[in-house]
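Just so you know, the protein sequences line up as chains D and R, in that order. Quick note on numbering: my numbering labels position 204 of the first sequence as 838, and the sequence is numbered without any gaps. Quick note on numbering: my numbering labels position 15 of the second sequence as 649, and the sequence is numbered without any gaps. Ideal Cβ placement from N, Cα and C applies to all residues, glycine included. Note that the structure is a prediction, hence the values are computed from the model and not measured. Single-structure report; data block below.
Number of protein chains: 2
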Amino acid sequence: SEAISNVSRAVSQKSNIAALEGIKVSVAPGKVTLTGYNLDLGITTSIEAETNDSGEFVVSTRLFSEFTRKMGGEDITFEIDDNLIINISSAATECSFSGISAEEYPDLPEVDSKGSFCVKQHLLKSMINMTSYACSTNESKPILTGELFDIEDGKFNLVAIDGFRLAIRCEFAETNDKFHFVVPRKALQELSTLIKDEEDSPCEICTNDRHIIFRLGSVYVISRLLEGPFHNYRLSIPTGFKTEVNVSKKELAASLDRCSLIIDEKNKAPLHCEVGNGVIKITCKTGIGKVNDAITADISGEAVTIGFNNKLMLEALRAAEGDRVRIRFNGAMKVIEILPPEGENFIFLVMPIQLRG
Amino acid sequence: SEAISNVSRAVSQKSNIAALEGIKVSVAPGKVTLTGYNLDLGITTSIEAETNDSGEFVVSTRLFSEFTRKMGGEDITFEIDDNLIINISSAATECSFSGISAEEYPDLPEVDSKGSFCVKQHLLKSMINMTSYACSTNESKPILTGELFDIEDGKFNLVAIDGFRLAIRCEFAETNDKFHFVVPRKALQELSTLIKDEEDSPCEICTNDRHIIFRLGSVYVISRLLEGPFHNYRLSIPTGFKTEVNVSKKELAASLDRCSLIIDEKNKAPLHCEVGNGVIKITCKTGIGKVNDAITADISGEAVTIGFNNKLMLEALRAAEGDRVRIRFNGAMKVIEILPPEGENFIFLVMPIQLRG
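This is the structure we're talking about:
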């Protein structure tokens, strides 16, 4: 018999990945390893357990995680017989249900590493959370549904792009090696939810041509990589600018939010934005109604009138860290840049929309 | 022009009622009244406003509530022109959209009161929250989709019943008059969400044969009543009992929760419950799996073996207040009673299920 502690945490972390397949439970003396895998993405966790047995089997994710979570006692005893009947007991409670043979469970890919590097976990989480909004959801160009890990010359750029916008988060790399690979957004989002906000320990990243492993202590996340050439994003970033604005993120977002109230699938219109004389004037008119707004801002350079999509700009503002942002314009039909007030820790690009008249 | 304060709170409280119809705004010198009404249920709120005008019109609930909520300034100015264009402004922000003529808005029913009484608001909320789970959702017997207000001889019973279970919450009435009417569950639930948890002030209840008004300060909730004879619930309550159990609500609910994991639409089975010798043994077996559980309890009277539906019992336990409950049995095929450890402040009844074999 085995006493399993803390199993429910490990299970709930994986439930949405392993839902269709169940969870593979691998028992070795002193240790239990749980695996969830959906052929694209795998997560494994090892925990200590009082057992001298070994073997493996697959259990229903729902029953395994819910029974374990809803047991009364501290220690949970876990037994499986030759007919794959799984028995979970604790104090006066005893539950049993059928398991599945582990023979039917696919093996995780072997990652024969070509190289590895480390990133602090909370930093990786923040990088993912600030950029993943800009991934494409259009499966017709699969490479853009992931994010580019671009590591070169001691710099680590995480890049997402969908054709209308681009998000880059830039950090120093803790390696001098060169890496260039694209990870599916889904895997990065699962990884991000597994990382605690303040977790300072490193995430070890190991990769070959087809797969990647993220190691968070005793938790491993394994994902396939997306293949094909990624957009040469460096060419999209303007080298200069004609107008620069420093504005309260909250005020600008609130204004875009109000404009969004009169925009829906049937009633679309670009936001009409006039920048100059210390004021950003935003107006929008659709079949539903009209909004006129004005926000004070620090503005330098040429005055500019430009149109843009409310949602693309709002999502970029929401992904930005800090209270204020810098916005750079290069003319009415050129890409809009959103940056932090100082430095280029992140760069978000939004394509403008041509205004009529 | 009018300065409206606090309008968004009033609006959001009503949004799901008035969604289809919009909100009627009635302006009188110094006062604005907002009305949401869906022909079954109406809610009105009055607020103070700086205005000398009077008139009325109907606005889109979504635009009105969202624009008001998302305005930057403290004071919001509200204008309407002869073309029913509504203009909301605050600081540098200005939004406009079309209103609808109030001529198309149906009048709320007049309640020419036949009598009224008061209940403390938090008490009414608690009474509703503890009993409404037992209302029927089956529209084929509409009277059971509401709750009976049964007030007589200084006692106030609030009663819900659906054929498989019954919930009564009993309080002293602050009136010696006799009332007997049935209010739709939907109206009571809206009323409950409008009441703050600790609100000690009275709710005034005014009724005629067809409608009821609940007055919470400046907020009025008006509902039609359900017509027809209500089940004579007093006949359903047993006068004695053969077995009485005093048990931890949390432990019993946790056990029923575990059993529920192996019960679904396809795999139904009653919970098999053996009561005696200081232990409640609960077992359940379905195509999914098996659960055996035992809970210690104070048991007096005859031993009994009885079957019941997991959901009906769980919902009754969740609606019960306090850490422990009394459960009374009258034999294997007789109704099960759930009561507080002391007194009869509430009585929940659950029908048993016949066990095979």
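Roughly how many whole angstroms lie between the Cα atoms of residue 758 (chain D) and residue 826 (chain D)? Residue 758 (chain D) sits at position 124 when you count from the first residue of the first sequence. Residue 826 (chain D) sits at position 192 when you count from the first residue of the first sequence. Taking the straight line from one Cα to the other gives about 8 Å.
Who does residue 962 (chain D) pair with in a DSSP beta bridge? Here residue 962 (chain D) corresponds to residue number 328 of the first sequence, with the count starting at 1. Answer by DSSP bridge pairing, in chain order: D:878 and D:971.
Could you check where the alpha helix (DSSP H) with residue 944 (chain D) kicks off and where it finishes? Taking the first sequence and counting its residues from 1, one reaches residue 944 (chain D) at position 310. Start and end: 944–953.
Less than 8 Å between the C-beta atoms of residue 714 (chain D) and residue 724 (chain D), yes or no? In the first sequence, the residue the question calls residue 714 (chain D) occupies position 80. In the first sequence, the residue the question calls residue 724 (chain D) occupies position 90. With respect to the 8 Å criterion, residue 714 (chain D) and residue 724 (chain D) are not classified as neighbours on the basis of their beta carbons.
Which value, in whole angstroms, describes the spacing of the CA atoms of residue 887 (chain D) and residue 666 (chain D)? Within the first sequence, the letter at position 253 stands for residue 887 (chain D). Within the first sequence, the letter at position 32 stands for residue 666 (chain D). If I take the Cα positions, the gap works out to 48 Å.
Indicate whether at least one CB of chain D lies closer than 8 Å to the CB of residue 642 (chain R). Within the second sequence, the letter at position 8 stands for residue 642 (chain R). Interpretation of residue 642 (chain R) is limited by its pLDDT of 43, a score under 50 that renders its predicted location unreliable; no figure is taken from the coordinates.
Quick one: measure Cβ to Cβ for residue 987 (chain D) and residue 966 (chain D), integer angstroms, because I've assumed they're closer than 8 Å. Working through the first sequence from its first residue, we reach residue 987 (chain D) at position 353. Working through the first sequence from its first residue, we reach residue 966 (chain D) at position 332. Not really, about 10 Å apart at Cβ, beyond 8 Å.
Contact under 8 Å by Cβ, residue 992 (chain D) with residue 876 (chain D): Missing from the structure shown is residue 992 (chain D); chain D here goes from 635 to 991 and no further.
Can you list the residues of chain D that residue 895 (chain R) reaches, using a CB-CB cut of under 8 Å? As a working note, residue 895 (chain R) is residue 261 in the second sequence. Within 8 Å Cβ-Cβ: 696, 697, 700, 701, 704 and 729.
Touch test, the stretch 904–921 of chain R against the stretch 747–763 of chain D, Cβ-Cβ under 8 Å, three pairs minimum: As far as the Cβ criterion goes, the stretch 904–921 of chain R does not touch the stretch 747–763 of chain D, which means the pair count is below three.
Could you tell me whether the Cβ atoms of residue 879 (chain R) and residue 933 (chain R) are closer together than 8 Å? For the purposes of this step, residue 879 (chain R) is identified with residue 245 of the second sequence, where counting begins at 1. For the purposes of this step, residue 933 (chain R) is identified with residue 299 of the second sequence, where counting begins at 1. Yes, the Cβ-Cβ distance between residue 879 (chain R) and residue 933 (chain R) is below 8 Å.
Whole-angstrom distance between residue 778 (chain R) and residue 867 (chain R), CA atom to CA atom: Locating residue 867 (chain R) in the second sequence gives position 233, counting from the first residue. Locating residue 778 (chain R) in the second sequence gives position 144, counting from the first residue. Cα to Cα, residue 867 (chain R) sits roughly 12 Å from residue 778 (chain R).
Which term fits residue 983 (chain R), buried or exposed, when burial requires 16 or more other beta carbons within 10 angstroms of its beta carbon? Indexing the second sequence from 1 puts residue 983 (chain R) at position 349. Buried is the call here.
From D:705, D:732 and D:671, pick the residue whose C-alpha is nearest to that of residue 892 (chain R); which is it? One-based indexing of the second sequence puts residue 892 (chain R) at position 258. Checking every option, the nearest Cα to that of residue 892 (chain R) belongs to D:705.
Count the other C-beta atoms from every protein chain shown that fall within 10 angstroms of the C-beta of residue 676 (chain R), then say buried if there are 16 or more, exposed otherwise. Within the second sequence, the letter at position 42 stands for residue 676 (chain R). It counts as buried.
Excluding the 5 residues flanking residue 578 (chain D) on each side, which residues of the same chain have their C-beta closer than 7 Å to its C-beta? Because residue 578 (chain D) is not part of the residues shown, which for chain D are 635 to 991, the question remains open.
Cross-strand partners of residue 854 (chain R) (DSSP beta bridge): In the second sequence, residue 854 (chain R) corresponds to position 220, counting from 1. As computed with DSSP, residue 854 (chain R) is found in a beta bridge with R:678 and R:849.
Quick one, which of D:851, D:858 and D:837 has its alpha-carbon nearest residue 821 (chain D)'s? Within the first sequence, the letter at position 187 stands for residue 821 (chain D). The shortest C-alpha separation from residue 821 (chain D) is found at D:858.
Alpha helix (DSSP H) runs contained entirely in the stretch 745–805 of chain D, provided each spans 4 or more residues: Runs of the alpha helix (DSSP H) lying entirely within the stretch 745–805 of chain D, each at least 4 residues long, are 755–765 in chain order.
Can you look up residue 742 (chain R) in the DSSP assignment and give me helix, strand or coil? Against the second sequence, residue 742 (chain R) aligns to sequence position 108. In the structure shown, residue 742 (chain R) sits in coil (DSSP, three-state: anything other than H, G, I, E or B).
Could you say if the stretch 720–739 of chain D and the stretch 945–957 of chain R meet the contact criterion of at least three C-beta pairs nearer than 8 Å? Judged by Cβ distances under 8 Å, the stretch 720–739 of chain D makes no contact with the stretch 945–957 of chain R, as fewer than three pairs qualify.
Between residue 740 (chain D) and residue 689 (chain D), what straight-line distance do the alpha-carbon atoms span, to the nearest angstrom? For the purposes of this step, residue 740 (chain D) is identified with residue 106 of the first sequence, where counting begins at 1. For the purposes of this step, residue 689 (chain D) is identified with residue 55 of the first sequence, where counting begins at 1. Between the C-alpha atoms of residue 740 (chain D) and residue 689 (chain D) there is a straight-line separation of about 16 Å.
Answer with buried or exposed for residue 787 (chain R), where buried requires no fewer than 16 other C-beta atoms within 10 angstroms of its C-beta. Walking along the second sequence from the start, residue 787 (chain R) turns up at place 153. Around the C-beta of residue 787 (chain R), fewer than 16 other C-beta atoms lie within 10 Å, and the residue is accordingly described as exposed.
Identity of the residue in R:783, R:906 and R:959 nearest residue 938 (chain R) by Cα: The residue you call residue 938 (chain R) lines up with position 304 of the second sequence. The shortest Cα separation from residue 938 (chain R) among R:783, R:906 and R:959 belongs to R:906.
Could you name the residues of chain D that residue 927 (chain R) contacts, counting a contact when the two beta carbons are closer than 7 Å? On the second sequence, position 293 is the one that residue 927 (chain R) refers to. Result: 726 and 727.
Distance, residue 865 (chain D) Cα to residue 760 (chain D) Cα: Residue mapping note: residue 760 (chain D) aligns to position 126 of the first sequence, counting from 1. Residue mapping note: residue 865 (chain D) aligns to position 231 of the first sequence, counting from 1. Rounded to the nearest whole angstrom, the C-alpha separation of residue 760 (chain D) and residue 865 (chain D) is 23 Å.
Chain R partners of residue 891 (chain D), CB-CB under 8 Å? By one-based count along the first sequence, residue 891 (chain D) stands at place 257. What residue 891 (chain D) touches in chain R: 704.
Relative to the C-alpha of residue 903 (chain R), which candidate in R:700, R:890 and R:974 has its C-alpha closest? As a working note, residue 903 (chain R) is residue 269 in the second sequence. In terms of CA proximity to residue 903 (chain R), R:890 leads the group R:700, R:890 and R:974.
Could you pull the DSSP bridge partners for residue 838 (chain D) from this structure? One-based indexing of the first sequence puts residue 838 (chain D) at position 204. DSSP, once it has assigned bridges, lists D:752 and D:849 as partnering residue 838 (chain D).
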